[in-house]
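J.: Structure in structure tokens, see below.
Numbering (my numbering), first residue to last: 8 to 289.
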């Protein structure tokens with residue numbers, strides 16, 4: 008039975024780190040939080056913390072209670088590109104915008120699933136989606152591995168760095184210091200860790216390739232995922248940051264289903280149709 012919380016408080020209390028940590032714990036445990044809005048507060052102050060309009064709260068509750076085709080299914084989605092710090096200013100990153108992962112989370116929530124989104128791209132503000140914001144591969148791994156055992160499906164759409172600096176400089180590296188040598192060490196394998204959780208969710212991996220998708224087929228077999236979503240990020244309209252994507256779905260038996268260039272929302276819908284069919288057919 009869902010539990011919905013609609014808090015209201017003064018801005019200072021809402022923005023307090025302890026309050027935000029407690030809200031994160033509540034969301035991780037599956038509670039729905041209808042966040043307050045900016046407006047007039049008790050005492051005449053104006054700021055963040057005003058209770059949402061009662062009609063809006065009722066609409067949200069009705070949406071939560073309405074059963075969709077994925078009602079009762081718990082979903083984990085990762086999104087965005089991780090950032091591995093070099094010094095307090097610079098980091099090693101990639102071009103991932105997180106748009107594909109957000110679209111997947113939004114579509115799952117619209118179908119009635121209980122969704123947890125672990126993302127580096129900030130809170131997208133999707134109704135009914137619990138968001139855990141992270142930055143590095145290590146923090147994404149920690150969050151995903153914690154959530155995965157209680158999920159039915161895990162979609163690993165994030166672009167996770169393979170390597171991270173062995174040591175982070177405690178001050179900004181300057182030109183006059185000369186050319187730095189940065190030692191890199193492997194990051195945690197987030198997908199592998201989810202695969203090893205018990206119980207293991209139905210696992211969807213992503214592979215961003217350039218050119219041939221042969222490596223994607225090899226990755227699907229090597230990672231032993233139930234489904235791999237592969238795309239050529241060098242193809243027009245299919246790269247990082249675009250609003251469209253052209254993907255190939257590779258199932259656990261190595262069979263491929265190529266989708267045409269679609270909006271990322273449409274790709275997300277097709278993906279969930281495919282996952283639902285695979286899960287129902289065993």
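Cβ coordinates follow ideal geometry from the N, Cα and C atoms, glycine included.
1. Between the beta-carbon of residue 89 and the beta-carbon of residue 18, is there less than 7 angstroms?
2. Residue 233 and residue 220 look like a contact to me (Cβ under 8 angstroms); what is the Cβ gap, rounded to whole Å?
3. Relative to the C-alpha of residue 156, which residue among 250, 38 and 206 is closest?
4. How is the beta strand (DSSP E) around residue 29 delimited, first residue to last?
5. Answer yes if the segment 52-72 comes into contact with the segment 36-43, meaning at least three C-beta pairs across the two stretches below 8 angstroms, and no otherwise.
6. On a Cα-Cα basis, can you pick out the residue from 77, 104, 160 and 95 that is closest to residue 117?
7. The beta strand (DSSP E) spanning residue 81 covers which residue range?
8. From the DSSP output, in three-state form, read off residue 18 for me.
9. For the alpha helix (DSSP H) holding residue 200, just list the boundary residues, first then last.
10. Compare the beta carbon distance of residue 270 and residue 159 with 7 angstroms and say whether it is the shorter of the two.
11. Restricting to Cα atoms, I'd like to know which of 123, 225, 200 and 277 is closest to residue 267.
12. Could you check how far apart the C-beta atoms of residue 216 and residue 237 are, in whole angstroms? I think they sit under 8 angstroms.
13. Could you tell me the boundaries of the beta strand (DSSP E) in which residue 274 lies?
14. When you compare the CB positions of residue 53 and residue 47, do they come within less than 7 angstroms of one another, or not?
15. Name, in chain order, the residues that DSSP records as bridge partners for residue 192.
16. Between the alpha carbons of residue 26 and residue 49, how many angstroms are there, rounded?
17. Could you please give me the residues that DSSP links to residue 255 through a beta bridge?
18. Can you give me the Cβ contacts of residue 20 inside the same chain, cut-off strictly under 8 angstroms, excluding the 5 residues immediately before and after it?
19. Which whole-angstrom value describes the C-beta separation of residue 275 and residue 114, a residue pair presumed to lie in contact below a C-beta threshold of 8 angstroms?
20. Name the residue from 133, 152 and 111 whose alpha carbon lies nearest to the alpha carbon of residue 195.
21. Determine the extent of the alpha helix (DSSP H) in which residue 77 is found, giving its start and end residues.
22. Between the Cα of residue 211 and the Cα atoms of 24, 255 and 13, which residue gives the shortest distance?
23. Is it buried or exposed for residue 106, if we count other Cβ within 10 angstroms and need 16 for buried?
24. So the beta strand (DSSP E) residue 212 belongs to, where does it begin and stop?
25. Restricting to runs no shorter than 3 residues, where is the beta strand (DSSP E) found entirely within the segment 115-159?
26. Nearest to residue 93 by CA position, among 68, 165 and 176, is which residue?
27. Less than 8 angstroms between C-beta atoms, sequence neighbours within five positions excluded: which residues of the same chain meet that for residue 12?
28. Start and end of the beta strand (DSSP E) containing residue 57?
29. Among 289, 250 and 281, which residue has its Cα nearest to the Cα of residue 104?
30. Specify the secondary structure class of residue 68 as computed by DSSP and reduced to three states.
T.: With the structure as the only source:
1. no
2. In fact, because the Cβ distance is near 18 angstroms, the residues do not count as touching under 8 angstroms.
3. 206
4. Taken as a continuous stretch (DSSP letters only), residue 29 belongs to no beta strand (DSSP E), being part of the alpha helix (DSSP H) at 24-35.
5. yes
6. 77
7. 81-86
8. helix
9. 197-202
10. no
11. 277
12. 6 angstroms
13. First-last for residue 274: 271-288, but that is the alpha helix (DSSP H), not the beta strand (DSSP E).
14. yes
15. 171
16. 19 angstroms
17. 237 and 265
18. 26 and 56
19. 4 angstroms
20. 152
21. Unbroken run through residue 77: none, as it is neither H nor E.
22. 255
23. buried
24. 209-216
25. 121-126 and 136-140
26. 176
27. 33, 38, 39, 40 and 41
28. 53-57
29. 250
30. helix
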